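Be aware that the sequence shown starts at 18, since it is given in the working numbering, and climbs by one per residue. Virtual Cβ for every residue (Gly too), placed ideally from N, Cα, C. In this text, all values refer to a predicted model and were calculated from it rather than measured experimentally.
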Amino acid sequence: MQSYQTLVEAAKIFAAEAADLVRSSRMQQLSISSKSSNTDMVTDVDKATENFLVDRIHGAFPEHSIIAEEGSDHKGNSEISWIIDPIDGTTNFIYGFPSYSVSIGVRAAETIVAGAVFNIPEDALYWSGKGMGAFKNSDRIHVRERVAVSKSLIGTGFGYSAIRRVAQAKFLASIIGEVRDIRRAGAASLDLCFLAEGRLDGYYEAGLWPWDYTAATLIVREAGGTILGPVDDEPSRELTIGASNLELADFLREKLHPYLPFEED
Ligand code: IPD
Ligand code: CA
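Now the structure itself:
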């Protein structure tokens, strides 16, 4: 089995190569189609980038499994799996709103061992390996110092189903008076990396998929932050919480509990 270091280096290289592909493809006419709803879009660039990553991972590590947002999964015969989002923040990518990424997480059985999130508009790579700390390019990053909940800047995101969004907005209304302010930038992996480097104090979202959060949750933890799920510290589609400190993470989870699970259409 490869060492974690090999996997970290490979994840960083693949993320940077895929980011180049996404960046150069923005110049061309995009072909856009809808997925689960009109608000859930996918482009030919998402698919081409996913194909590129699958080929690259499969070429280097043929025994590893791959779980990919646009569906090109591959079942290998090792405990290592790669969880990839070729473009996180597809709506931003289409509109040119500067928050979209390539996100690559690597698991060894249940443990996340490597994560690379390439912030394409900023041309910056967030990355981490288990036990190695968290980095932005070559600089170590850390979450912000703990502040009171009332002084916390919180990021979040919304799902693609109308019913779910309305419920999410109701929850948002219930906490907006208790925190410093709210941000919705549109790429969950980057929101979590922003938390890891101190641009946010906390983040929550209900309805993420593993490719949205796997890489970035390792980066947050290695930057000194807390990650929680709906019941323990395992993030899931039901709930993903990140915070610079446990008190804020607990506050968000306690507040959210009565609203969960958010329904789909
Ligand atoms: C979406 C983004 C968004 C979040 C959604 C995700 P996609 O990913 O991360 O910020 O709110 O829940 O689905 O569809 O752009 O890969
Ligand atoms: Ca995506």
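- With a cutoff of 8 Å on beta-carbon distance, I101 and D90 are scored as not near each other.
- Here T231 is actually not in contact with R161; their C-beta atoms are around 23 Å apart, not less than 8 Å.
- D249 and V39 have their alpha carbons spaced roughly 36 Å apart.
- Per the C-alpha coordinates, the member of I236, L189, S261 and K147 positioned closest to V134 is I236.
- Look at W228 here: in three-state DSSP terms it is helix.
- Shortest gap from the CB of T257 to any heavy atom of ligand 2: 7 Å or more.
- Cβ-Cβ separation between G259 and L209: approximately 5 Å, consistent with a contact (criterion under 8 Å).
- Annotation: E214 to I158 spans about 5 Å, alpha carbon to alpha carbon.
- Comparing C-alpha distances from D61 to each of H75, T234, F78 and E87 shows the shortest one belongs to E87.
- Here the alpha carbons of D229 and D105 stand approximately 7 Å from one another.
- The beta-carbon distance between V119 and T66, rounded to whole angstroms, is 7 Å. This is short enough to meet the 8 Å contact definition.
- For T56, there is no enclosing beta strand (DSSP E), since its DSSP letter is neither H nor E.
- Comparing alpha-carbon positions, the option among I129, A165, S253 and R200 lying closest to Q22 turns out to be I129.
- Boundaries of the beta strand (DSSP E) around Y143: A141 to G146.
- In the three-state scheme derived from DSSP, where H, G and I count as helix and E and B as strand, G76 is classed as helix.
- If you look at K153, you'll find it in the beta strand (DSSP E) that goes A151 to K153.
- A contact between stretches requires three or more CB pairs, one per stretch, nearer than 8 Å, and the stretch 218-229 fails this requirement with the stretch 139-156.
- In the DSSP assignment, the residues bridged to S120 are D102 and V134.
- In the DSSP assignment, S82 is bridged to S98.
- When distances are taken from the beta-carbon of T108 to the heavy atoms of ligand 1, the shortest one is below 7 Å.
- The beta carbons of I199 and I244 sit about 19 Å from each other, so the pair does not count as a contact at 8 Å.
- The criterion of a C-beta distance shorter than 8 Å is not satisfied by L207 and I111.
- Checking the 7 Å criterion, the Cβ of F175 is within range of a heavy atom belonging to ligand 1.
- Around the C-beta of L263, fewer than 16 other C-beta atoms lie within 10 Å, and the residue is accordingly described as exposed.
- Around the CB of Q185, 16 or more other CB atoms lie within 10 Å, so the residue is classed as buried.
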